[in-house]
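Enquirer: Counting in the numbering used here, the sequence shown tops out at residue 166, every number present. The beta carbon of each residue, even a glycine, is placed where N, CA and C say it ideally should be. In this text the structure is predicted, and so the values were computed from the model without any measurement.
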Amino acid sequence: YGTHETLEDRGLNFAGYCDFDCVQWLIITPTDMRYNGAQITGVVNLPGCYTATNTTHTTVLSIQGLLEAPTDVHYTASKDSVIMSWSPPFTLEGVPILHYSVYITSQGVSEQRNTTETHITLERPCASTTYQISAWNEVGEGNATRKAFLTIF
Numbered sequence: 014y015g016t017h018e019t020l021e022d023r024g025l026n027f028a029g030y031c032d033f034d035c036v037q038w039l040i041i042t043p044t045d046m047r048y049n050g051a052q053i054t055g056v057v058n059l060p061g062c063y064t065a066t067n068t069t070h071t072t073v074l075s076i077q078g079l080l081e082a083p084t085d086v087h088y089t090a091s092k093d094s095v096i097m098s099w100s101p102p103f104t105l106e107g108v109p110i111l112h113y114s115v116y117i118t119s120q121g122v123s124e125q126r127n128t129t130e131t132h133i134t135l136e137r138p139c140a141s142t143t144y145q146i147s148a149w150n151e152v153g154e155g156n157a158t159r160k161a162f163l164t165i166f
C-alpha cells in the first residue's frame, strides 16, 4: 500500500522456524479487528535454511473475534421437557468453539454443553420459560440467540 511497515511497527509479535524445505511463521496479535482482512507480505531470508532463502509470500490475515449467535434453533417439546438443537456459528479454521451456554430463565439455570443439542426437564410445566444459547471460544462468550419464549401445556 505504498509504504512498508515491519511487524513490530504494528505491535505484532512473530516467531518462525525452519523445517527442511518449509518455513512456517506464527503471528500473534491482540484481537484487534483493524487487522482483519489486511494483506500481509512476508519476506524470508534465512541463509542457513535449505530452500527458504529470499522467499516472499502474501496472505490475508483473518482474525477471529467473539462468535455470532448459533443459528437454526429448533425446539421439540413434550409435557415436561424440551429438546433444543442448533447449528454452530461460523468460526475460523483452527479456532474451535469451546462450548455452548444454554440459559433457562424460569428455572434460573445455566448449562454448559459441548454438543449442539440439549434435553431440559421442566420443573414447572405450564410456566413460561425463556431460552437463550451462546457459543464460547478463546476470546470469550459470543452473541446469544434471541430470547425464545415457550409455554408448554
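In the structure shown, what three-state DSSP assignment does residue 95 receive?
Expert: On the sequence shown, position 82 is the one that residue 95 refers to. Residue 95: strand per DSSP, three-state reduction.
Enquirer: May I ask you to report which of helix, strand or coil DSSP gives residue 12?
Expert: For the chain, the structure presents residues 14 to 166; residue 12 sits outside this window and is missing.
Enquirer: Express the C-alpha separation of residue 130 and residue 166 in angstroms, rounding to a whole number.
Expert: Counting from 1 along the sequence shown, the entry for residue 166 is found at position 153. Counting from 1 along the sequence shown, the entry for residue 130 is found at position 117. Rounded to the nearest whole angstrom, the C-alpha separation of residue 166 and residue 130 is 22 angstroms.
Enquirer: With DSSP as the reference, label residue 156 as helix, strand or coil.
Expert: Position 143 of the sequence shown, counting from 1, holds the residue named residue 156. Reduced to three states, the DSSP call for residue 156 is strand.
Enquirer: Apart from the five residues on each side of it in sequence, which residues of its chain come closer than 6 angstroms, Cβ to Cβ, to residue 164?
Expert: Here residue 164 corresponds to residue number 151 of the sequence shown, with the count starting at 1. Within the same chain, residue 164 has close Cβ partners 141.
Enquirer: If residue 133 and residue 94 are in contact, beta carbons under 8 angstroms, what's the gap, nearest whole angstrom?
Expert: As a working note, residue 133 is residue 120 in the sequence shown. As a working note, residue 94 is residue 81 in the sequence shown. With a Cβ gap of about 6 angstroms, residue 133 and residue 94 count as contacting.
Enquirer: Is it right to say residue 150 is buried, meaning 16 or more other beta carbons lie within 10 angstroms of its own, or is it exposed?
Expert: Indexing the sequence shown from 1 puts residue 150 at position 137. So residue 150 counts as buried.
Enquirer: Which residues mark the beginning and the end of the beta strand (DSSP E) in which residue 81 is found?
Expert: One-based indexing of the sequence shown puts residue 81 at position 68. First-last for residue 81: undefined, no H or E at that position.
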